[in-house]
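Q: Under full-length UniProt numbering, the first residue of the sequence shown is numbered 1, with each subsequent residue one higher. Every residue gets a Cβ at the ideal spot worked out from N, C-alpha and C, and that includes glycine. Remember, it's a predicted structure, so these values are computed and weren't measured experimentally. I have a structure here, written as structure tokens, and I will follow up with some questions on it.
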Amino acid sequence: MNHSISELNFSSEIKEFAQMEGLLTVSDFIIVGTKKLDQTEGFTKRMLLEYLNFLEDHGLERFMDEEA
């Protein structure tokens, strides 16, 4: 979870968002939470779906907020 977002297989859109928001690792995203990410200006539904797929693909579903 401490892997750098910039080194993972995320879209350039998520990487740019992460850099602008100071979210450097997967743990940083998890701390923010999927519900708040979904409500954050500039974080699109497509980006949310990509992030949720990442969590699911890596067995991290427990970090998905039910409302997202």
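Residue 6 and residue 24: beta carbons closer than 9 Å?
A: Position 6 of the sequence shown, counting from 1, holds the residue named residue 6. Position 24 of the sequence shown, counting from 1, holds the residue named residue 24. Their beta carbons are under 9 Å apart, which means residue 6 touches residue 24 by this criterion.
Q: What are the complete alpha helix (DSSP H) segments, minimum 4 residues, inside the region 5-54?
A: 12-21, 26-32 and 34-39
Q: With distances taken Cα to Cα, identify the nearest neighbour of residue 62 among 44, 33, 43 and 46.
A: Against the sequence shown, residue 62 aligns to sequence position 62. With distances taken between Cα atoms, residue 62 lies closest to 33.
Q: Assuming contact is defined by CB atoms lying nearer than 9 Å, are residue 48 and residue 37 in contact in what I supplied?
A: Taking the sequence shown and counting its residues from 1, the one referred to as residue 48 is at position 48. Taking the sequence shown and counting its residues from 1, the one referred to as residue 37 is at position 37. Result yes, Cβ atoms of residue 48 and residue 37 sit closer than 9 Å.
Q: Can you list, in chain order, the residues of its chain with a C-beta nearer than 7 Å to that of residue 3? Leave out the 5 residues immediately preceding and following it.
A: The residue labelled residue 3 in the question sits at position 3 within the sequence shown. Taken in chain order, the residues that qualify are 25 and 26.
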